[in-house]
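S.K.: Quick note: the sequence shown, position 29, residue 29 per our numbering, numbers continuous.
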Amino acid sequence: MKTTFFSALLLLLSIQVFAQQKEVYLNDDLEQISKTEYDKFSDRHQYFDLQFDLDTALVMVKVQRVRKGNIDAAKLDSIKAEIAALSGRPIPDSNILIIKYHQGLDRCLSSADARAMKASYRNYLRKLEKQPDVSQVFMFQSPAGTAIYGEGLQWIEDRTGIVARTFFPISYPCGGLVIIAPNGDYYLLKGEHSNALPLELLKKLRNGK
């Protein structure tokens with residue numbers, strides 16, 4: 001199954017890890033930090049932990065659940081061009097782009113209630129349809145498990161990996177979602193989240209918050 005794990009592994013192995021070193025700590029940017037700094041991010045509502053067990057070390061990654069940022073116009077244009085080429089649907093310049101990103105059938109999705117998941121997404125999409133100037137895209141790295149979101153969704157593959165490289169460099173439980181305004185401002189959701197949260201962040205993004 002195609003996942004981002006091997007890409008993450010190469011990245012993690014690029015860190016200088018000595019044989020006697022037991023644990024390595026990384027922040028949300030996958031930069032090495034001290035255990036003291038790592039432990040400062042203890043609010044479970046804002047952060048969660050990922051663990052990679054390598055031969056030489058146990059790598060702990062502190063992941064920020066919701067993050068605000070900005071990408072430049074060239075990168076946003078490249079993402080939109082990729083989506084348009086794969087889906088046959090251009091993204092209008094004035095639209096906010098929402099990408100639901102599926103990284104494969106992981107433990108998080110495998111344990112989900114499929115019926116509840118489908119009902120939740122139907123409700124989310126009904127509410128999203130009432131929002132003007134929004135383009136919702138469903139993108140995957142591996143198609144395994146996409147059926148859990150419901151029928152009638154047009155899934156496209158992140159063939160070049162541009163979305164993964166920009167927003168999802170490692171695998172997160174239940175994938176993630178990113179909401180991007182025309183000016184490049186975005187909210188990035190990593191890991192499992194409610195379907196009410198993207199709608200709340202969409203409203204904030206419209207208001208320039």
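Even glycine gets a Cβ: it sits at the ideal position worked out from N, Cα and C. Given the structure is predicted, the values throughout are model-derived calculations rather than measurements.
Pick out the complete beta strand (DSSP E) segments inside the region 68-136, 3 residues or longer, and give them in chain order.
M.R.: With a minimum length of 3 residues, the continuous beta strand (DSSP E) runs that stay inside the region 68-136 are 96-102.
S.K.: Cα separation between lysine 130 and leucine 201?
M.R.: Position 130 of the sequence shown, counted from the start, is the residue given in the question as residue 130. Position 201 of the sequence shown, counted from the start, is the residue given in the question as residue 201. When rounded, the distance between both Cα atoms is 15 Å.
S.K.: Excluding the 5 residues flanking glutamine 227 on each side, which residues of the same chain have their C-beta closer than 8 Å to its C-beta?
M.R.: The chain is shown from 1 up to 209; residue 227 falls before or after that span and cannot be answered.
S.K.: For leucine 153, does the three-state DSSP call read helix, strand or coil?
M.R.: As a working note, residue 153 is residue 153 in the sequence shown. Looking at leucine 153 - three-state DSSP - the assignment turns out to be coil, as it is neither helix nor strand.
S.K.: Given that a residue counts as buried once 16 or more other Cβ atoms are within 10 Å of its Cβ, and exposed if not, what is histidine 239?
M.R.: The chain is shown only over 1 to 209; residue 239 falls outside these bounds and no answer can be derived.
S.K.: Looking only at its chain, what residues have a beta carbon closer than 8 Å to the beta carbon of threonine 146, apart from the 5 residues adjacent to it on each side?
M.R.: Here the question's residue 146 lines up with position 146 in the sequence shown. Hits under 8 Å: His102, Phe138, Phe140, Leu153 and Trp155.
S.K.: Assuming leucine 50 and lysine 127 form a contact by the criterion Cβ under 8 Å, report the distance between their Cβ atoms to the nearest whole angstrom.
M.R.: Against the sequence shown, residue 50 aligns to sequence position 50. Against the sequence shown, residue 127 aligns to sequence position 127. Not quite, the Cβ-Cβ distance comes to about 30 Å (not below 8 Å), so this is no contact.
S.K.: Should leucine 76 go down as buried or exposed, given a rule of 16 or more other Cβ atoms within 10 Å for buried?
M.R.: Mapped onto the sequence shown, residue 76 falls at position 76. Classification of leucine 76: buried, given that the 10 Å Cβ count is 16 or more.
S.K.: Can you tell me the Cα-Cα spacing of arginine 65 and aspartate 28, whole angstroms?
M.R.: On the sequence shown, residue 65 is found 65 positions in, with the first residue counted as 1. On the sequence shown, residue 28 is found 28 positions in, with the first residue counted as 1. The alpha-carbon atoms of arginine 65 and aspartate 28 are separated by roughly 9 Å.
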